[in-house]
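Under numbering that gives the first Met the number 0, the first residue of the sequence shown carries the number 0, and numbering increases by one thereafter. Where a beta carbon is used, it is the ideal one built from N, C-alpha and C, also for glycine. Below is one structure; the comments refer to it alone.
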Amino acid sequence: MSDRYGGDVLSGDWRAPKRGRAVEAPAELGAVVEEVTTDWVGEIVAVDRDLHTLTLEDRRSRRRTFPLGPGFLLEGRPVILVAPARQGAPVAPTRTASGSVAVPGAKARVARQSRIFVEGRHDAELVEKVWGDDLRIEGVVVEFLGGVDDLADHLVDFRPGPQRRVGVLVDHLVPGSKESRIAQGIARSAVGKHVLIVGHPFIDVWQAVKPDRLGLAAWPTIPRSVEWKKGVCQHLGWPHRDQADIARAWKHILGKVASYDDLEPALLGRVEELIDFVTVD
Numbered sequence: 000m001s002d003r004y005g006g007d008v009l010s011g012d013w014r015a016p017k018r019g020r021a022v023e024a025p026a027e028l029g030a031v032v033e034e035v036t037t038d039w040v041g042e043i044v045a046v047d048r049d050l051h052t053l054t055l056e057d058r059r060s061r062r063r064t065f066p067l068g069p070g071f072l073l074e075g076r077p078v079i080l081v082a083p084a085r086q087g088a089p090v091a092p093t094r095t096a097s098g099s100v101a102v103p104g105a106k107a108r109v110a111r112q113s114r115i116f117v118e119g120r121h122d123a124e125l126v127e128k129v130w131g132d133d134l135r136i137e138g139v140v141v142e143f144l145g146g147v148d149d150l151a152d153h154l155v156d157f158r159p160g161p162q163r164r165v166g167v168l169v170d171h172l173v174p175g176s177k178e179s180r181i182a183q184g185i186a187r188s189a190v191g192k193h194v195l196i197v198g199h200p201f202i203d204v205w206q207a208v209k210p211d212r213l214g215l216a217a218w219p220t221i222p223r224s225v226e227w228k229k230g231v232c233q234h235l236g237w238p239h240r241d242q243a244d245i246a247r248a249w250k251h252i253l254g255k256v257a258s259y260d261d262l263e264p265a266l267l268g269r270v271e272e273l274i275d276f277v278t279v280d
């Protein structure tokens, strides 16, 4: 005769949870977990060791922060999420941000008399971020002008010569532009052979950052009647009321640049050309 009621219900560990007991697991970025009290399911996108929290992003890109610890399911099993183990000491890079061979521990060379001039602060910061290591080894100082209109006056003060070469990076250097006329005039002057003026086709150096690094298919087209940087910020929904907003926008853009691979070739070649020109001994 069969047992209608099965085995002894009190046999075994009847107190054990159906899904098993929670075990510790590292809160690895990219892992998908469920927070059991809210049924929130999302990918771990941030872990804050100091605050002892993690941030989950769901499939609608909404984010929510929870305390580390128990109360999560990972692949259907209960876990106690803990901060991942710290990484070991970083390995010294073998390449600089510009792609040159890195020289760990190399001291900066005493500054040459030659200089590279760029139009504005943003240009200088971008050049520093990508080519800074190379420029220090070569002893090249980058200065920003605040615009190209007064370039001739700056050159008069600087007095270029065989050992005091000047390379100049100009925005929007295209045929027929004001910038191209200034460059042609200087090239014909007495100091022209000691000055190399090159440029990129972009309205502003912001455009030299590949748009997909910012999640864009292309940089927006801004009417000429609108100040370009403010127009870009407005188009992208970024604050743009004052210069502080523009500075924050640039900081965000610059933060997307880690190496030469994040920049357009039209800028890369021009900067390399200037470095070669001012480092000729």
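Is any heavy atom in the ligand GDP found nearer than 7 Å to the beta carbon of residue i?
| i | result |
| --- | --- |
| ILE196 | With respect to the ligand GDP, the structure shown offers nothing to examine, as it has no ligands at all. |
I need the straight-line Cα distance from residue i to residue j, nearest angstrom please.
| i | j | result |
| --- | --- | --- |
| LEU73 | VAL31 | 7 Å |
| VAL183 | ASP244 | Note on identity: in this sequence residue 183 is Gln, with Val being the wrong assignment. Roughly 35 Å separates the two Cα atoms. |
| GLU27 | ARG76 | 16 Å |
| GLU33 | ALA84 | 21 Å |
| ALA96 | ARG20 | 48 Å |
| SER60 | LEU53 | 15 Å |
| VAL102 | LEU266 | 24 Å |
| HIS251 | ARG223 | 24 Å |
| VAL109 | GLU137 | 8 Å |
| VAL117 | ARG180 | 17 Å |
| VAL190 | VAL279 | 17 Å |
| VAL225 | ALA207 | 20 Å |
| ALA186 | VAL167 | 12 Å |
| ALA151 | ARG58 | 56 Å |
| VAL290 | HIS51 | Any question about residue 290 goes unanswered here, given that the chain covers just 0 to 280. |
| ASP148 | TRP39 | 57 Å |
| GLY29 | TRP237 | 28 Å |
| VAL285 | PHE143 | Within the shown structure, residues of the chain are numbered from 0 to 280, placing residue 285 beyond reach of any answer. |
Could you tell me the boundaries of the alpha helix (DSSP H) in which residue i lies?
| i | result |
| --- | --- |
| VAL102 | Per DSSP, VAL102 belongs to no alpha helix (DSSP H) and is neither H nor E. |
| VAL140 | Here VAL140 belongs to no alpha helix (DSSP H); instead the beta strand (DSSP E) covers 140 to 143. |
| TRP249 | 242 to 253 |
| ALA151 | 150 to 157 |
| ALA217 | Neither: ALA217 is in no alpha helix (DSSP H) and is coded neither H nor E. |
| VAL109 | VAL109 -> no alpha helix (DSSP H), and no H or E assigned at all. |
| TRP130 | 120 to 137 |
| ALA265 | 264 to 277 |
Once the 5 residues before and after residue i are set aside, which same chain residues still bring their CB inside 8 Å of it?
| i | result |
| --- | --- |
| ARG212 | LYS255, VAL256, ASP261 |
| PRO210 | ALA216, ALA217, TRP218 |
| TYR4 | Since pLDDT at TYR4 reaches only 48, below the 50 mark, its modelled position is unreliable, and no value is offered. |
Here's a check: name, in chain order, each residue in its chain whose Cβ is nearer than 6 Å to the Cβ of residue i, leaving out the five neighbours to either side.
| i | result |
| --- | --- |
| SER112 | Per the sequence presented here, residue 112 reads as Gln, with Ser not at that position. Correct list, in chain order: GLN162, ARG163. |
| ALA105 | ILE136 |
| GLU127 | none |
| GLY230 | ILE221 |
| VAL46 | ALA26, LEU53, ALA82 |
| ALA107 | ARG135 |
| VAL44 | THR54, GLU56 |
| PRO233 | Before going further, note that residue 233 is Gln rather than Pro in the sequence given. Taken in chain order, the residues that qualify are HIS239. |
Could you give the first and the last residue of the continuous beta strand (DSSP E) run that contains residue i?
| i | result |
| --- | --- |
| VAL32 | 31 to 34 |
| PRO25 | 22 to 25 |
| GLU74 | First-last for GLU74: undefined, no H or E at that position. |
| LEU53 | 52 to 56 |
| THR64 | 62 to 66 |
| ASP47 | 39 to 47 |
Between which residues of its own chain and residue i is the CB-CB distance below 7 Å, once the five residues before and five after are set aside?
| i | result |
| --- | --- |
| VAL141 | ILE115, VAL117, ALA123, VAL126, GLU127, LEU134 |
| TRP227 | ILE202, ASP203, ILE221 |
| GLY70 | GLU34, VAL35, THR36 |
| TYR259 | ALA96, SER97, GLY98, VAL129, LEU267 |
| GLU263 | ALA207, LYS209 |
Next on the checklist: Three or more C-beta pairs under 8 Å: does that hold for the region 172 to 192 against the region 203 to 210?
Outcome noted: In this structure the region 172 to 192 does not lie against the region 203 to 210, because fewer than three pairs of beta carbons, one per stretch, are closer than 8 Å.
Checklist entry - At what residue ranges does the region 169 to 235 contain a whole run of the alpha helix (DSSP H), taking only runs of 4 or more? => result 177 to 186, 227 to 235
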